[in-house]
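In case it helps, my numbering puts the sequence shown at residues 1021 to 1414.
Don't be surprised by glycine CBs; every beta carbon is placed ideally from N, CA and C.
If you're wondering where the values come from, they're calculated on a predicted model, not measured in any experiment.
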Amino acid sequence: MRDAYLVGAGQSEYGAFPEESYRSLFRTAFEAATDSVPRGIEASDVDEAFIGTLGVGGRQLGLSGPAVTEHVGLGGVPCTRVENACAASGFATRQAVQAVKSGMADVALAGGFEIMSDMSSDATKYWLGVSGETEWERLSGTTFSGVYAQMASVHMEKYGTTREHLSQVAVKNHANGAKNPHAQLGFECSLEDAQSAPVVADPLNLYHCCPTSDGAACALIVSEDVVDEYTDDPIRVAGVGASSDTVGLFQRDSYTGVPASQRAGEQAYEMAGVEPDDLDFAEVHDCFAIAELLAYEDLGFCEQGEAGDLIDSGATELGGDLPVNTSGGLKSKGHPIGATGAGQVVEAFKQLSGKAGDRQVENPTRGLTHNVGGSGGASVVHIFEKDAETEVSA
1021 MRDAYLVGAG QSEYGAFPEE SYRSLFRTAF EAATDSVPRG IEASDVDEAF IGTLGVGGRQ
1081 LGLSGPAVTE HVGLGGVPCT RVENACAASG FATRQAVQAV KSGMADVALA GGFEIMSDMS
1141 SDATKYWLGV SGETEWERLS GTTFSGVYAQ MASVHMEKYG TTREHLSQVA VKNHANGAKN
1201 PHAQLGFECS LEDAQSAPVV ADPLNLYHCC PTSDGAACAL IVSEDVVDEY TDDPIRVAGV
1261 GASSDTVGLF QRDSYTGVPA SQRAGEQAYE MAGVEPDDLD FAEVHDCFAI AELLAYEDLG
1321 FCEQGEAGDL IDSGATELGG DLPVNTSGGL KSKGHPIGAT GAGQVVEAFK QLSGKAGDRQ
1381 VENPTRGLTH NVGGSGGASV VHIFEKDAET EVSA
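Below, the structure written as structure tokens:
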């Protein structure tokens, strides 16, 4: 199979934009992605498109992919809508990589979008809940935050993880998000702020939860046969891994890990021929603070039960041994469900292109993105790699 390369990526701002539509946000992201390609790219170059969205609000449940691609000039290009809850555009990226590697396409667009701010709080809770197990969790009153609160409670009891560890995740990600002009909650917070916020689902408080967001993101994946037409500094998709699991948390043997993420990570590392220690940065799925701590363990950044020690050490801060969520993560940058996975790819592209501004990691060559659907019913991991001989600087 052919190698696949990331040659461009871009996103809209994340936040609440009553004056925007899902089409206009997608156009912003698509134009940012095409503008980021070093040698330029035309809409007519795109052979196939994969678009992730949950369809929050029900505004365009059918044919939502073609609804945005034709709006940006991709009429006639085959388009597949991908739904895998919060992992929708992470899986859309995987599909784009597969299309390129298989030879079905030389240029593939992966993207995603969501509008979440134009409905009542009750409606928002409903749409957030549709990705949970319906019969035994959602209809019995369990919320999305409640499911992750259960995971946090068990991890705290078993491994001694504390509320302060959860709050440290929030402080770190807000510090990074404050450096990201696209972040929804682009402000710093103190540890005291993060510890004293109102409880949402014990032990999780408001600062331990990501916001609901409007936004869109796009990435352009091309084959080894045409990559030289678009850039002199290619970023290779070195590894891809994906897995599914039970939708319901209650159906799993353990609450202290996400097996789908563990399997996806193992597959991606094996395909790339690398280990966690070879990474220079990672974007992980921190829909709740506990989710980032679980990702540390699931992806091999530390041993099981040692995530609290890792966040304590400062290793995952900007400037640490393995900066995590330099974009601000879902917690600060935001979480427009269908756009989140592609948005992580945008950050990987910026870091490996030396265009991450004040949050730039020093001369990175390899980064990982990790996107999870629901409480772990689906997970996808990508590893992006730049030529080690190419210096990356801000």
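In this structure, DSSP gives residue 1057 a state outside helix and strand, which the three-state scheme calls coil. Taking a C-beta distance under 7 Å as the contact criterion, residue 1214 and residue 1247 do not qualify as a contact pair. In this structure, the beta-carbon distance from residue 1314 to residue 1285 does not fall below 7 Å. DSSP places residue 1137 outside any alpha helix (DSSP H), giving it a letter other than H or E. For residue 1102, the closest of 1127, 1177, 1132 by C-alpha to C-alpha distance is 1132.
Looking only at 1135, 1265, 1280, the smallest Cα-Cα distance to residue 1231 is reached by 1135.
With contacts defined as CB atoms closer than 7 Å, residue 1317 and residue 1309 fail to qualify as a contacting pair.
At least 7 Å separates the beta-carbon of residue 1117 from that of residue 1067. Taking a 10 Å sphere around the C-beta of residue 1356, we find 16 or more other C-beta atoms and assign the residue as buried. Judged by DSSP secondary structure, residue 1396 falls outside any beta strand (DSSP E); it is assigned neither H nor E. Taking a 10 Å sphere around the C-beta of residue 1363, we find 16 or more other C-beta atoms and assign the residue as buried. Taking the Cα positions, residue 1153 is about 28 Å away from residue 1099. Note that the region 1173-1180 does not touch the region 1188-1208; fewer than 3 beta-carbon pairs, one per stretch, sit closer than 8 Å. DSSP places residue 1311 inside the alpha helix (DSSP H), whose first and last residues are 1309-1318. Residues 1022, 1126 of the same chain have their beta carbon placed closer than 8 Å to that of residue 1245, with the five preceding and five following residues left out of the count. Straight-line spacing of the CA atoms in residue 1093 and residue 1060 works out to 16 Å.
Residues of the same chain with a CB within less than 8 Å of the CB of residue 1211, apart from the 5 flanking positions on each side, are 1184, 1187, 1188, 1191 in chain order. With a cut-off of 8 Å on Cβ pairs, the region 1335-1355 is in contact with the region 1378-1389, counting three or more such pairs. Counted as a single uninterrupted DSSP element, the beta strand (DSSP E) harbouring residue 1069 occupies residues 1068-1072.
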